[in-house]
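K.L.:
Encoded structure:
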């Protein structure tokens, strides 16, 4: 054990805490647990679990109990495990005025390993598992090893019943060479120029060829369009082979994302050059949440009706917005898919990860995010089936995970300054991103505003934020005018033109505060706004809980519109059509003048204003800023300091996990 550097510093971290921190204090903690609890590294619940486990195991070793508390803390913060070698430099404090964590009595890594290895709390059928420097709670170790084993087995199993000649013919129909030739080549991270539609064709061939395919890429790269073509390919291949059409499941982690996937597949299916029967089957597909697909069990919060012993009947399972899927849900999904079925994961590995433990999609894509990686045999087979070259680096013969992973590069949805800004953020190029923002080419605008200033909230009425106010009022006024006339479709369209996005829910840079500010701005500029009560025409709505009876999902947005005879209705868009619902039937809605970046995932707006918290905010990361910026199609306005921007761009989410190493071996660190 290492000692505190001075008695004064030791006393500083063990003194009685300020009143405002008492809720997080473990009153019965002693020794290292007390020291790290008072410093805000572990909270009262972490300490309670560690103490209880230690008591049951007859363990009093301070270092082991501290490691246990840190392992309990890890999933709460999104980590799957705790890396004992780096925790000293990566740990944060929950306190408003934290002490210097480097002055705490951190055990040495070697001492920790020795004590944990000898502890009855660590090992098979014990509460924790230790692998090298990495400590897991047993549940998360089991989940991670299970997911890795299932994905490795699935990735290495390629169906042998693919009619290659038929596949190539159908690819020529769905991805015509003339259209590919018209595409401008994109130079990907590997430095290989390839036409965007050729990458989509390659992804489609990979999805047909492999039992595990990942179609990755940023917003607007054509992921769901490619998925629709994959489903059409599989349907027509089955038809030509005299087999029944494949049974397909469209799923996503949230109801909103599932509904968007369904709509995107239907929209693409209407224009595909496929037989009427294939089109009808695609249009008949329905999206559902992963929870509903697997079937909830009344006796369990973590297990489902469909599992390894009761597999799903589907031949193809498509999972959209996979970046939002936590490790626990991925384990349940993967084990429930039949070994001979195809699993297609779709998403952006560089977006925000799940709010629960794990960064599963990022771990699965791994180094392929910087250039495709495939075994030589798989690369040759895929090239033959796709009828084109495959720009992939060679993976070791034992690493099959990359064989079905294709990362789409070309963004069709936005251009101008947004595309290079997003690219700079992804690359961690703070100077490049700041240069683009400072230049302000019309698509990009930067307001230097500090949410940490004592008077930050009063700045909402000051000239510094005039561009943000002007944009919010202009968009809000159009929504209100259309809503007052009862023009629901126009009001909903106007609602999608602008949104304020915030990193936090609370505080000076939070969605709650900024929602109130925007509402005040509108009330000052639009006569009579809100005078009719809470259900005033023009009020933007955010659904905060799934309501399957109304087919409304958490994250859906709508607007209150006039419905005649002094009545109002809540208008929502559903599958391209407007539905009107009585406000009295809405059980869980809020106003949505502003929303968190997390809530905005899966949504798109013409323009966004991104309000950044101070640089010290722990949620300020590269993935958060990238997600926020890529919600816009036309223009981005950022309100924040240079320090906040640099911090976000230079701080990627670092979630402790061993999944990438289990899947990719020694090449896992090549993701960059």
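Numbering (the numbering used here), first residue to last: 6 to 677.
Just so it is clear, CB atoms sit at the ideal spot from N, CA and C, and this is done for glycine as well.
Bear in mind the structure is a predicted one, so any value in this text is a computation, not a measurement.
So residue 213 and residue 167 are in contact, right, with Cβ under 8 Å, and what is the actual spacing, rounded?
P.N.:
About 6 Å separates the two Cβ atoms, so the contact holds.
K.L.:
How would you write the range of the alpha helix (DSSP H) that residue 116 sits in, first residue to last?
P.N.:
114-123
K.L.:
Measure the C-alpha to C-alpha separation of residue 421 and residue 283 and round it to an integer number of angstroms.
P.N.:
38 Å
K.L.:
Determine the direct distance from the alpha carbon of residue 472 to that of residue 525, and round the result to whole angstroms.
P.N.:
16 Å
K.L.:
Return the CA-CA distance between residue 138 and residue 73, expressed in angstroms with no decimal places.
P.N.:
Between residue 138 and residue 73, the alpha-carbon positions lie close to 14 Å from each other.
K.L.:
Going by C-alpha distance, which of 563, 177, 575 is nearest residue 597?
P.N.:
563
K.L.:
May I have the straight-line CA-CA distance separating residue 600 from residue 641, to the nearest angstrom?
P.N.:
15 Å
K.L.:
Output yes or no for whether 8 Å exceeds the beta carbon distance between residue 68 and residue 37.
P.N.:
yes
K.L.:
What number of angstroms, rounded off, separates the C-alpha of residue 569 from the C-alpha of residue 543?
P.N.:
14 Å
K.L.:
Between residue 403 and residue 374, what straight-line distance do the alpha-carbon atoms span, to the nearest angstrom?
P.N.:
19 Å
K.L.:
Which of the three DSSP states, helix, strand or coil, is assigned to residue 48?
P.N.:
coil
K.L.:
Helix, strand or coil: which one does DSSP assign to residue 253?
P.N.:
strand
K.L.:
Along the chain, where does the alpha helix (DSSP H) that runs through residue 163 open and close?
P.N.:
Unbroken run through residue 163: none, as it is neither H nor E.
K.L.:
Residue 306 lies in the beta strand (DSSP E); which residues open and close that run?
P.N.:
Under the DSSP assignment, residue 306 falls in the beta strand (DSSP E) whose first and last residues are 305-309.
K.L.:
Sorted by chain position, which residues of the same chain lie with C-beta nearer than 6 Å to residue 496's C-beta, five sequence neighbours on each side aside?
P.N.:
484, 487, 488, 564, 566
K.L.:
Can you tell me which residues form a DSSP beta bridge with residue 410?
P.N.:
219
K.L.:
Helix or strand or just coil, what does DSSP make of residue 109?
P.N.:
coil
K.L.:
Could you tell me how far apart the beta carbons of residue 435 and residue 658 are, in whole angstroms, since I believe they sit closer than 8 Å?
P.N.:
Not confirmed; about 16 Å, so no contact.
K.L.:
As a quick exercise: from 210, 259, 255, 141, pick the residue whose alpha carbon is nearest that of residue 560.
P.N.:
259
K.L.:
Since residue 104 contacts residue 49 with CB under 8 Å, what's their CB separation in whole angstroms?
P.N.:
Not really, about 18 Å apart at Cβ, beyond 8 Å.
K.L.:
Would you check if the segment 276-292 and the segment 309-316 touch, i.e. whether three or more CB-CB distances between them fall below 8 Å?
P.N.:
no
K.L.:
Under 8 Å, do residue 429 and residue 441 count as touching if we go by C-beta distance?
P.N.:
Cβ distance < 8 Å, so residue 429 and residue 441 count as in contact.
K.L.:
Taking the alpha helix (DSSP H) that residue 553 belongs to, which residues open and close that run?
P.N.:
It is not in any alpha helix (DSSP H) - residue 553 carries neither H nor E in the DSSP assignment.
K.L.:
Excluding the 5 residues preceding and the 5 following residue 197 in the sequence, name in chain order all residues of the same chain whose CB lies nearer than 7 Å to its CB.
P.N.:
For residue 197, the predicted model reports a pLDDT of 48, less than 50, meaning its position is unreliable; a value from the coordinates is still stated below. Taking residue 197 as the centre and dropping the five residues before and after it, the same chain places the C-beta of 396 closer than 7 Å to its C-beta, in chain order.
K.L.:
What is the C-beta distance between residue 377 and residue 398, in whole angstroms, given that I count them as a contact (C-beta under 8 Å)?
P.N.:
7 Å
K.L.:
Quick one: is residue 113 buried, meaning 16 or more other Cβ sit within 10 Å of its Cβ, or exposed?
P.N.:
exposed
K.L.:
Which partner residues does residue 294 have in the DSSP bridge list?
P.N.:
257
K.L.:
Can you check whether the CB of residue 77 is closer than 8 Å to the CB of residue 51?
P.N.:
yes
K.L.:
Tell me which same chain residues have a C-beta within less than 6 Å of the C-beta of residue 651, skipping the five on either side of it?
P.N.:
Result list for residue 651: 435, in chain order.
K.L.:
Distance check for residue 249 and residue 85, CA to CA, integer angstroms please.
P.N.:
41 Å
K.L.:
Check residue 577 in the structure and name its three-state DSSP category.
P.N.:
strand
K.L.:
What are the start and end residues of each continuous alpha helix (DSSP H) run of 4 or more residues lying completely inside the segment 613-668, in chain order?
P.N.:
627-634, 647-655
K.L.:
Indicate whether residue 337 and residue 366 have their beta-carbon atoms separated by less than 8 Å.
P.N.:
no
K.L.:
Indicate whether residue 54 and residue 96 have their beta-carbon atoms separated by less than 8 Å.
P.N.:
For residue 54 and residue 96, no; Cβs fall outside 8 Å.
K.L.:
Judging by CA-CA distance, which residue of 573, 612, 228 is the nearest neighbour of residue 411?
P.N.:
228
K.L.:
For residue 601, which beta-bridge partners are listed by DSSP?
P.N.:
507
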